[in-house]
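Everything on this sheet refers to the single structure shown next.
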Amino acid sequence: MQFAVDSPRWLCKAGRVDDAKTVVHELWGASEVERAIEEFQSVSKSDGSDLDSRWSEILEKPHSRVTFIGGALFVLQQFAGINGVLYFSSLTFQDVGVRSSALASLFVGLTNFAGALCALYLIDRQGRQRLLIGSYLGMSISMFLVVCAISFPLDEQLSNNLSY
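Residues 228 to 391 in my numbering are what the sequence shown lists, from first letter to last.
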């Protein structure tokens with residue numbers, strides 16, 4: 228980060244307006260300096276935040292509920308084991324007969340990317356809560372089907388490979 232310039236918005240908020248003007252001039256040119264500084268200062272006054280905030284404030288009301296929900300979502304994501312699924316996906320595809328592990332990894336990556344694009348589209352249309360509940364429901368059903376497939380295999384050799 229030694230080559231990155233300081234954020235002009237942060238510089239304005241910290242009272243270093245001259246430094247902010249210099250950075251804006253370097254980034255966007257002389258014609259944008261006054262407009263950008265005015266915008267940064269008006270946003271800084273209206274957002275109600277200050278530089279003296281403490282990290283412990285996220286545990287106090289009204290932020291505590293949002294902090295808990297955000298933390299719980301990260302923990303649940305890790306419990307779902309998606310990192311392990313993605314890491315071992317090429318081996319899993321190899322065990323079921325796909326010859327090219329690179330092609331299988333590409334398929335998994337493209338599917339993951341397509342899912343992210345769908346989420347971007349749906350989050351504006353359906354809302355975060357509905358999308359979150361639906362995705363966790365779908366994930367639960369998928370996990371149940373994987374457990375059933377491993378517990379009641381059609382091919383015993385394949386089941387042994389997948390359960391390790």
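Glycine residues also receive a C-beta, built at the ideal position from the N, C-alpha and C atoms. The structure displayed is predicted, hence computed values, not measured ones.
Inter-stretch contact at 8 Å, needing at least 3 Cβ pairs: the segment 371-380 / the segment 301-311: no
Check for me: the alpha helix (DSSP H) holding residue 312 runs from which residue to which? 309-322
Let me know if residue 306 comes out buried or exposed under the rule of 16 or more other beta-carbons within 10 Å of its beta-carbon. exposed
So the candidates are 359, 380 and 233; which of them puts its Cα closest to the Cα of residue 254? 233
How big is the Cα-Cα spacing for residue 263 and residue 249? 12 Å
Within a Cβ cutoff of 6 Å, which residues of the same chain sit near residue 246, ignoring the five residues on either side of it in sequence? 238
Buried/exposed call for residue 288, threshold 16 Cβ in 10 Å: exposed
From residue 295 to residue 283, what distance separates their C-alpha atoms? 13 Å
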